[in-house]
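Enquirer: In the working numbering, the protein residues as written are 22 to 306. Here it is: the structure, laid out below.
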């Protein structure tokens, strides 16, 4: 047995022992998404122009979160920060998709997303999405914690803006041997991959199978996630505070399934498209 495998075995034995003990804490994460600027017309921009756009939209592409957790449940929510002057998302759309806390309960397999959409409050309720994690032996240090690597293939939600990209019409026309450029839906120019590869780094030194966002299910707290163009990295942890942490699921809002919520969003997007489409566009249809 190599030295690395010996360390892995010791950590897993340690985590098995302490899983029976009380364990709770808070982990602080930084999330950063690097959009493909070139696919949105960035090829005609200078590097300075790209940087200016990224700086103005930093509040959308760079966020900080707090994960409050114990062995059974967790709450993942964005840390409240003051928005700097000139920093805006996608205008009205960016301000209309206000995501609230995410609740995960690994015992009941329950997932609840507090979500605001155009002034309406929803509670998106679903079962936890299970990832088929492949555990590796590769390790790295994140802060004071020795972490182990795991990978999985994740199904992407159709409205996950972090993976949205402009549809490559030239590639599609070449594959289908057509020349279709007509737009019939507000989402015609946007595509989201059906799946993405996820790489996670977790530490058995913190024996909870929790993690940021929708990620969970590893034998230790997930400290880093790399998925498509987004990286989520933990930079601070507080363990077993003197005051007991109470983790409660969100309760305010209309209870709705993920599929029904997505259908609601689609309907609203089509309504907005009809509202802002010019008379010439209407005649063409």
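All C-beta atoms in this analysis are idealised placements derived from N, C-alpha and C, irrespective of residue type, glycine included.
1) Is it the case that the Cβ atoms of residue 277 and residue 48 are separated by a distance below 8 Å?
2) Give the secondary structure of residue 280 by DSSP, where H, G and I count as helix, E and B as strand, and everything else as coil.
3) Quick one: Cα of residue 256 to Cα of residue 158, how far?
4) If we ignore side chains and look at the alpha-carbon of each, how far apart do residue 167 and residue 291 end up?
5) Mind checking who residue 69 pairs with in its DSSP beta bridge?
6) Relative to the alpha-carbon of residue 212, which residue among 178, 243, 232 has its alpha-carbon at the smallest distance?
7) Which residues in the same chain have their Cβ closer than 8 Å to the Cβ of residue 181, if we skip the five residues on either side of it in sequence?
8) Using a Cβ-Cβ cut-off of 8 Å (strictly less than) and excluding sequence neighbours within five positions of residue 150, which residues of its own chain qualify?
9) State the start and end residues of the unbroken beta strand (DSSP E) segment that holds residue 257.
10) Using the three-state DSSP reduction, which class does residue 100 fall into: helix, strand or coil?
11) In or out: residue 69 buried (at least 16 other Cβ within 10 Å) or exposed?
12) Just to confirm before moving on: does the CB-CB distance between residue 254 and residue 51 stay below 8 Å?
13) How big is the Cα-Cα spacing for residue 270 and residue 89?
14) Considering Cα atoms alone, identify which of 127, 239, 120, 229 is closest to residue 81.
15) CB-CB under 6 Å to residue 252, same chain, minus the five flanking residues each way: which ones, in chain order?
16) Can you find the residues in the same chain that come closer than 7 Å, C-beta to C-beta, to residue 143, ignoring five residues on each side of it along the sequence?
17) Within 10 angstroms of its Cβ, does residue 310 collect 16 or more other Cβ (buried), or is it exposed?
18) Give the secondary structure of residue 292 by DSSP, where H, G and I count as helix, E and B as strand, and everything else as coil.
19) Give me the Cα-Cα distance between residue 134 and residue 122, rounded to the nearest whole angstrom.
20) Among 263, 146, 173, 138, which one has its Cα closest to the Cα of residue 44?
21) Identify every residue that forms a DSSP beta bridge with residue 46.
22) According to DSSP, simplified to helix, strand and coil, what is residue 53?
23) Give the DSSP-derived three-state secondary structure of residue 217 in the structure shown.
24) Using a threshold of 8 Å, state whether the C-beta atoms of residue 279 and residue 145 are closer than that.
25) Could you tell me if residue 295 is buried or exposed, where buried requires 16 or more neighbouring beta carbons within 10 angstroms of its beta carbon?
26) In or out: residue 369 buried (at least 16 other Cβ within 10 Å) or exposed?
27) Using the rule of at least 16 other Cβ atoms within 10 Å of the residue's Cβ for burial, across every protein chain shown, is residue 161 buried or exposed?
28) Spatial neighbours of residue 248 within its chain, please: C-beta separation below 7 Å, excluding the five flanking residues on both sides.
29) Which residues in the same chain as residue 244 place their Cβ atom closer than 7 Å to its Cβ, once the five residues preceding and following it in sequence are excluded?
Expert: Taking the coordinates as given:
1) In this structure, residue 277 sits away from residue 48, with a CB-CB distance that is not shorter than 8 Å.
2) The DSSP-derived three-state label of residue 280 is helix.
3) The C-alpha of residue 256 lies about 23 Å from the C-alpha of residue 158.
4) It is roughly 48 Å from the alpha-carbon of residue 167 to the alpha-carbon of residue 291.
5) Answer is none; residue 69 lacks a bridge partner.
6) Closest by alpha carbon: 178.
7) Only 213 meet the Cβ criterion.
8) Cβ neighbours of residue 150 within its own chain (closer than 8 Å, five residues either side excluded): 132, 175, 176, 235.
9) Counting along the chain, the beta strand (DSSP E) containing residue 257 begins and ends at 251-260.
10) Per DSSP, reduced to three states, the secondary structure at residue 100 is coil, with no helix or strand assignment.
11) Exposed is the call here.
12) A contact, by the Cβ cut-off of 8 Å.
13) The straight-line gap from Cα to Cα measures roughly 12 Å.
14) It is 120 whose Cα lies nearest to the Cα of residue 81.
15) If we look at residue 252 and ignore the five residues flanking it on each side, its Cβ neighbours are 53.
16) Only 136, 274, 275, 277, 282 meet the Cβ criterion.
17) There is no way to answer for residue 310, as the model of the chain reaches only from 22 to 306.
18) Reduced to three states, the DSSP call for residue 292 is helix.
19) In a straight line, the C-alpha of residue 134 is about 6 Å away from that of residue 122.
20) With distances taken between Cα atoms, residue 44 lies closest to 263.
21) According to DSSP, residue 46 bridges with 90, 260.
22) The DSSP-derived three-state label of residue 53 is strand.
23) The answer is strand: DSSP assigns residue 217 an E or B state.
24) At a Cβ-Cβ threshold of 8 Å, residue 279 and residue 145 count as neighbours.
25) Its Cβ having fewer than 16 others within 10 Å, residue 295 is exposed.
26) This structure does not reach residue 369, given that the chain is present from 22 up to 306, and the question cannot be answered.
27) Exposed.
28) Counting only Cβ-Cβ distances below 7 Å, and skipping sequence neighbours, we find 175, 217, 219.
29) Only 163, 166, 168, 222, 223, 224, 255 meet the Cβ criterion.
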